[in-house]
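**Student:** I have a structure here, written as C-alpha cells, and I will follow up with some questions on it.
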Amino acid sequence: GEQVEQLPSILRVQEGSSASINCSYEDSASNYFPWYKQEPGENPKLIIDIRSNMERKQIQELIVLLDKKAKRFSLHITDTQPGDSAMYFCAASGPYNQGKLIFGQGTKLSIKP
Amino acid sequence: GGIITQTPKFLIGQEGQKLTLKCQQNFNHDTMYWYRQDSGKGLRLIYYSITENDLQKGDLSEGYDASREKKSSFSLTVTSAQKNEMAVFLCASSILGGSSQNTLYFGAGTRLSVL
Numbered sequence: 121g122e123q124v125e126q127l128p129s130i131l132r133v134q135e136g137s138s139a140s141i142n143c144s145y146e147d148s149a150s151n152y153f154p155w156y157k158q159e160p161g162e163n164p165k166l167i168i169d170i171r172s173n174m175e176r177k178q179i180q181e182l183i184v185l186l187d188k189k190a191k192r193f194s195l196h197i198t199d200t201q202p203g204d205s206a207m208y209f210c211a212a213s214g215p216y217n218q219g220k221l222i223f224g225q226g227t228k229l230s231i232k233p
Numbered sequence: 015g016g017i018i019t020q021t022p023k024f025l026i027g028q029e030g031q032k033l034t035l036k037c038q039q040n041f042n043h044d045t046m047y048w049y050r051q052d053s054g055k056g057l058r059l060i061y062y063s064i065t066e067n068d069l070q071k072g073d074l075s076e077g078y079d080a081s082r083e084k085k086s087s088f089s090l091t092v093t094s095a096q097k098n099e100m101a102v103f104l105c106a107s108s109i110l111g112g113s114s115q116n117t118l119y120f121g122a123g124t125r126l127s128v129l
C-alpha cells in the first residue's frame with residue numbers, strides 16, 4: 121500500500137525564520153495531500169491541503185508545494201511564531217484506497233524565542 | 015459546528031484485558047475512523063467504517079475489533095492489552111465515504127496505559 125515518509129522528525133527554528141517539512145509518497149495515483157497540525161494536548165486539525173492539479177498553494181504564512189514528478193510535497197511556514205510550535209503531519213490519499221489518508225510519521229516543530 | 019467525543023480520556027488496563035474505547039460524533043458524517051498515534055510513527059489506521067454497520071480493516075487491525083453501532087458512534091476494542099503498551103487512540107470522522115479528498119475531524123483522543 122501507499123507509504124508516506126516525513127522528515128525531519130524534530131525541527132527547531134528561531135522565531136521569525138522559516139520552517140520546512142518534507143514528505144514523499146510512493147503511489148503516483150495519490151491526488152490529495154493535506155497537512156494537519158496537532159498542538160500539545162489537542163487533536164490534529166487540518167491547516168492546509170493541496171490537490172494534484174496544483175503545484176503551489178498559500179494560506180497566509182503557510183505554503184505547500186507539490187512536485188508530482190518527484191512524488192514529493194512540502195510545507196513551509198514563513199515568519200514562524202511561538203504558536204506554530206506543534207506536531208505536524210503530512211498525509212496522502214487517492215482513488216486506490218477509498219479515501220483513507222496515509223499519514224507521515226510527524227514532525228515536532230519548536231520555535232525558539 | 016460539530017464535535018467528536020471520545021470516552022474515556024484516560025484508560026489504564028491490565029495485561030490481557032479486553033478494553034473498549036468509544037467515539038461519538040454529531041457532524042452527521044458517514045465515515046468514521048480509528049487511528050493509533052505512537053511517538054515517531056505518526057497516525058496509523060486501525061479500522062474505518064463508511065456507513066452504519068460497515069467495517070473495513072486498516073493497516074493495524076490485528077489485535078483490535080471495532081463496531082459501528084449507528085451512524086453517530088464507532089467503538090474500538092483492544093482484544094488483549096499488551097504489557098507496557100502506551101499509545102493514544104484517535105477517532106475521526108469525515109463527510110463522505112469513498113471520496114479521497116475529505117477533511118478529517120479528530121476527537122481529543124484516549125490515552126491508554128497497560129500495567
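Those protein sequence lines, which keep their order, are chains A and B. With the working numbering as the guide, the letters of the first sequence map in order to residues 121 to 233. With the working numbering as the guide, the letters of the second sequence map in order to residues 15 to 129. Quick reminder that beta carbons are idealized off the backbone N, C-alpha and C, glycines included.
For B:Asp52, does the three-state DSSP call read helix, strand or coil?
**Tutor:** Counting from one through the second sequence, the residue named residue 52 of chain B turns up at place 38. Of the three classes helix, strand and coil, the one that applies to B:Asp52 here is strand, per DSSP.
**Student:** Which residues bound the beta strand (DSSP E) around B:Asn42?
**Tutor:** Here residue 42 of chain B is taken as the residue at index 28 of the second sequence, counted from 1. Taken as a continuous stretch (DSSP letters only), B:Asn42 belongs to no beta strand (DSSP E), as it is neither H nor E.
**Student:** Under 7 Å Cβ-Cβ, which residues of chain A neighbour B:Lys55?
**Tutor:** In the second sequence, residue 55 of chain B corresponds to position 41, counting from 1. Within 7 Å Cβ-Cβ: Gln225.
**Student:** For the segment 70-81 of chain B, which residues have a CB atom closer than 9 Å to at least one CB atom of chain A, in sequence order?
**Tutor:** Per Cβ criterion, the list reads Gln70, Gly72, Asp73.
**Student:** Just the chain B side, please: which residues come within less than 9 Å of A:Pro128 by C-beta, in chain order?
**Tutor:** If you number the first sequence from 1, residue 128 of chain A lands on position 8. By Cβ distance, chain B contributes nothing, its closest Cβ being about 12 Å from A:Pro128, past 9 Å.
**Student:** By the criterion of Cβ-Cβ separation under 9 Å, what are the contact partners of A:Gly121 in chain C?
**Tutor:** Within the model displayed, chain C is absent; protein chains A and B are what it includes.
**Student:** Give me, in chain order, the residues of the same chain whose beta-carbon lies closer than 6 Å to that of B:Phe24; leave out the 5 immediate sequence neighbours on both sides.
**Tutor:** The residue labelled residue 24 of chain B in the question sits at position 10 within the second sequence. If we look at B:Phe24 and ignore the five residues flanking it on each side, its Cβ neighbours are Arg125.
**Student:** On the CB-based measure, 16 or more other CB atoms within 10 Å of its CB, does A:Arg171 come out buried or exposed?
**Tutor:** Locating residue 171 of chain A in the first sequence gives position 51, where the first residue counts as 1. A:Arg171 comes out exposed.
**Student:** Quick check: B:Thr91 and B:Leu33, are their CB atoms within less than 9 Å of each other?
**Tutor:** Mapped onto the second sequence, residue 91 of chain B falls at position 77. Mapped onto the second sequence, residue 33 of chain B falls at position 19. Cβ atoms of B:Thr91 and B:Leu33: closer than 9 Å.
**Student:** Name, going along the chain, the residues of the segment 19-30 of chain B whose beta-carbon falls closer than 8 Å to a beta-carbon of chain A.
**Tutor:** Listed by position, the residues of the segment 19-30 of chain B near chain A (Cβ gap below 8 Å) amount to none.
**Student:** Which residues in the same chain as A:Pro128 place their Cβ atom closer than 7 Å to its Cβ, once the five residues preceding and following it in sequence are excluded?
**Tutor:** Along the first sequence, read from residue 1 onward, the residue named residue 128 of chain A stands at position 8. Excluding sequence neighbours, A:Pro128 sits near Thr227.
**Student:** Helix, strand or coil for B:Gly30, going by three-state DSSP, please let me know.
**Tutor:** Start at 1 with the first residue of the second sequence, and residue 30 of chain B comes out as number 16. Reduced to three states, the DSSP call for B:Gly30 is coil.
**Student:** Return yes when the Cβ of B:Gly54 is within less than 9 Å of the Cβ of B:Tyr61, no when it is not.
**Tutor:** Counting from 1 along the second sequence, the entry for residue 61 of chain B is found at position 47. Counting from 1 along the second sequence, the entry for residue 54 of chain B is found at position 40. No.
**Student:** Using a Cβ cut-off of 7 Å, which residues of the segment 184-215 of chain A contact any Cβ in chain B, in chain order?
**Tutor:** Result list: Phe209, Ser213, Gly214, Pro215.
**Student:** May I have the straight-line CA-CA distance separating A:Val124 from B:Asn40, to the nearest angstrom?
**Tutor:** Here residue 124 of chain A corresponds to residue number 4 of the first sequence, with the count starting at 1. Here residue 40 of chain B corresponds to residue number 26 of the second sequence, with the count starting at 1. The straight-line gap from Cα to Cα measures roughly 31 Å.
**Student:** Tell me, please, which residues DSSP counts as bridged to A:Pro128.
**Tutor:** Translated into positions along the first sequence, residue 128 of chain A becomes position 8. Note: A:Pro128 sits in no beta bridge, so no partner.
**Student:** Just to confirm the assignment, what range does the beta strand (DSSP E) spanning A:Pro154 have?
**Tutor:** Working through the first sequence from its first residue, we reach residue 154 of chain A at position 34. Where A:Pro154 is concerned, the enclosing beta strand (DSSP E) stretches over 152-158.
**Student:** With distances taken from CA atoms, which of B:Asn116, B:Leu35, B:Glu29, B:Phe103 is nearest A:Asp169?
**Tutor:** For this step, residue 169 of chain A is matched to residue 49 along the first sequence. The candidate whose alpha carbon is nearest that of A:Asp169 is B:Asn116.
**Student:** Going along chain A in order, which residues have a C-beta closer than 8 Å to the C-beta of B:Leu104?
**Tutor:** Position 90 of the second sequence, counted from the first residue, corresponds to residue 104 of chain B. Ordered by position in chain A, the residues that pass the 8 Å Cβ test against B:Leu104 are Asn163, Pro164.
**Student:** Please list, in chain order, the chain B residues whose beta carbon lies closer than 7 Å to that of A:Leu221.
**Tutor:** As a working mapping, residue 221 of chain A is identified with position 101 in the first sequence. Correct list: Leu118.
**Student:** Report yes or no: is there a C-beta of chain A within less than 9 Å of the C-beta of B:Met59?
**Tutor:** Counting from one through the second sequence, the residue named residue 59 of chain B turns up at place 45. A small correction: the amino acid at residue 59 of chain B is Leu; Met does not occupy that position in the sequence shown. B:Leu59 counts as touching chain A.
**Student:** Going by DSSP, which residues form a beta bridge with A:Asn142?
**Tutor:** Looking up residue 142 of chain A in the first sequence gives position 22. BP columns for A:Asn142 point to A:Leu127, A:Ser194.
**Student:** Among the residues of its own chain, which have a CB less than 6 Å from the CB of A:Glu159, if the five just before and after it don't count?
**Tutor:** Your numbering for residue 159 of chain A matches position 39 in the first sequence. Ala206, listed in sequence order.
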